[in-house]
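See structure below.
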Amino acid sequence: MEAGIPENPTPRDNYYLLGHEDAERLFLNAWQKDALHNSWLISGIKGVGKATLAYRLARFILSSGKDKAACTSLEVSPDTPAAKQMSSGSHPDFKALERDYTDTERKKILKAIKDGEQLSAEELKDMKKSAFIRVDDVRGINEFLSKRSSQDGWRIVLVDSVDDMNSASANAILKILEEPPHQTLILLISHNPGRLLPTIRSRCAKLELKPLSENHVASLLRRYRPELSENEVKKVASISSGSIGKALNYVDNQAVRRYDNLCKIVLSGKNFKTADVLEFCTDAAANEDSWYLTQELLLKFLSEAVKNAANPAAVGEAWENAVKTFSETDGLNMDKRQALINIIVNICKQF
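With the first letter of the sequence shown counted as 1, position 36 gets the number 938 in our numbering; the numbers rise by one all the way through.
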């Protein structure tokens, strides 16, 4: 990997965005014409770059001067004062809001700080977060916006994601959207905008990010996972549904191996080897990560298979049966291994 390119860049520190030129152009044009909406809803599938774009927009606004016509790109150097402050989480005119850690985990963090210990990124990643963004945290935005900008310019609030709000916090953010203070920019990220309050959607300008092309996913994989062979890059890109986040997760969890094994079993049809099925299902049910990854890969396989199936109705029925069984297994805490065995044996009968 090239020097300076992190293996898993966070949106806050990621300056490299690919495939969303139309969205960038739309925002930049509004800025140049002095017609920038106060609130923007950035939507799209998970892992497509929504948060990376949001931080990119925020850096641009906080780094830009008065001459808007001179701005021809959203590119900002990491060496600018605003970029450095945002990277360290210390910019006085920027506030990011997301699900906080649970009370138990927050006590652990505070104790570590008190004891002079430093928790690693991996330790923080494994800590549990609250199910929702707390309404008190949303109300804290009002206090932030009540303060004067440090540079007599813009103040920016980024919510990642607005999907994580319950009814109380959603109504609290709605009140802010209804009467945003002067020179305030609110960036809302959503993976599923159709489930948001219609009043929230109606008060925002829209930046709808499309799934990335396979070429874009492949290009990003070469950047962040240079150890992959070209064959691995193309295979992962082809099953990632236009999401670089999903592609990186696939690589880190050996999804190519799992997918190849799944294809081998299913495409053998009624001649499948019982030992192969048992080994595959045992591995898939070993932990939650592998279990949900296998669900995703199996449904992806069926979605692709139905396009060229001799009997698409039968494959479609197998897909519906798999979705139902997965849902029941997760909801009722049933035997994951046995449920997957039943699903795969049923699918094999269609090939």
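Think of the CB as a built atom: it goes at the ideal place given N, C-alpha and C, for glycine as much as any other residue.
Distance between residue j and residue i (C-alpha atoms, nearest Å)
| i | j | result |
| --- | --- | --- |
| K952 | E1110 | 9 Å |
| A1241 | H1084 | 56 Å |
| A905 | R1127 | For A905, the pLDDT reaches just 48, beneath the cut-off of 50, and the residue's location in the model is therefore unreliable, leaving the point undetermined. |
| A1120 | S1145 | 10 Å |
| F1046 | G991 | 14 Å |
| I1249 | Q1197 | 13 Å |
| P980 | L1060 | 19 Å |
| A1186 | L1201 | 14 Å |
| M988 | F996 | 7 Å |
| P1100 | C1106 | 10 Å |
| S1051 | W942 | 20 Å |
| N1235 | N1223 | 17 Å |
| P913 | S1205 | 30 Å |
| T982 | N1151 | 32 Å |
| L1114 | R1160 | 23 Å |
| W933 | S965 | 13 Å |
| L938 | Y917 | 22 Å |
| S1104 | G1171 | 50 Å |
| L1199 | N1210 | 18 Å |
| G1055 | E1080 | 21 Å |
| H993 | Q1053 | 11 Å |
| D1162 | T954 | 31 Å |
| N1173 | K1166 | 11 Å |
| R1125 | P911 | 11 Å |
| K1137 | G1018 | 45 Å |
| D915 | A960 | 12 Å |
| L976 | E1230 | 46 Å |
| V1037 | E1219 | 43 Å |
| A1072 | G1147 | 26 Å |
| I1078 | I944 | 17 Å |
| K1175 | E909 | 38 Å |
| A1215 | K1108 | 37 Å |
| F1228 | L1195 | 12 Å |
Proximity of residue i and residue j at Cβ, strictly below 7 Å
| i | j | result |
| --- | --- | --- |
| F962 | V978 | yes |
| L1089 | A985 | no |
| A1157 | L1123 | no |
| R1041 | A998 | no |
| F1253 | V1168 | yes |
| K1251 | W1193 | no |
| R1001 | I1035 | yes |
| I1102 | L1076 | yes |
| V1217 | V1208 | yes |
| N940 | P1082 | yes |
| L920 | R958 | no |
Residue i - containing beta strand (DSSP E), residue span
| i | result |
| --- | --- |
| E1080 | It is not in any beta strand (DSSP E) - E1080 instead sits in the alpha helix (DSSP H) that spans S1069 to E1080. |
| D1062 | R1057 to D1062 |
| K997 | F996 to L999 |
| K948 | Where K948 is concerned, there is no enclosing beta strand (DSSP E), given that its DSSP letter is neither H nor E. |
| K1108 | A1107 to E1110 |
Enclosing alpha helix (DSSP H) for residue i [first to last residue]
| i | result |
| --- | --- |
| K1302 | In the structure displayed, the chain extends from 903 to 1253; residue 1302 sits before or after that span and is not available. |
| S989 | P983 to S990 |
| S1092 | Here S1092 belongs to no alpha helix (DSSP H); instead the beta strand (DSSP E) covers T1086 to S1092. |
| S941 | Counting along the chain, S941 falls outside any alpha helix (DSSP H), though it belongs to the beta strand (DSSP E) covering S941 to S945. |
| I1146 | I1146 to D1154 |
| F929 | E923 to Q934 |
| K1226 | P1214 to L1234 |
| L920 | First-last for L920: undefined, no H or E at that position. |
| I1249 | K1238 to C1250 |
| V1119 | E1116 to Y1126 |
| S1048 | V1037 to S1048 |
| L1169 | A1157 to L1169 |
| A971 | Careful: A971 lies outside any alpha helix (DSSP H) and carries neither H nor E. |
| S1052 | Neither: S1052 is in no alpha helix (DSSP H) and is coded neither H nor E. |
Which listed residue (the options) has its alpha carbon closest to that of residue i
| i | options | result |
| --- | --- | --- |
| S1063 | A1033, E1080, T1086 and P1082 | A1033 |
| A972 | R914, L930, A960 and L1204 | L930 |
| I947 | V1138, F1203 and S1092 | S1092 |
| T1086 | K1049, A1070, F1203 and Q934 | K1049 |
| F1203 | A960, L1164 and A937 | L1164 |
| S1142 | E1116, D1162 and R1125 | E1116 |
| D1191 | D1162, N1213, D1054 and D1154 | D1154 |
| K935 | I1078, D1038, R958 and T974 | T974 |
| D1039 | I944, G1018, D1054 and A1070 | A1070 |
| N1189 | K1175, E1219 and D1232 | D1232 |
| H922 | E909, V1037, K970 and H1118 | H1118 |
Near the ligand HEM: residue i beta-carbon under 6 Å from a heavy atom
| i | result |
| --- | --- |
| C1183 | Ligands in the displayed structure: none, and consequently the ligand HEM is not present. |
Cβ pair count under 8 Å reaching 3, the region 1129-1141 against the region 1096-1106: no
The region 1227-1246 touching the region 1171-1185, judged by at least three CB pairs closer than 8 Å: yes
Inter-stretch contact (C-beta, 8 Å, three-pair minimum) for the region 920-938 and the region 1063-1072: no
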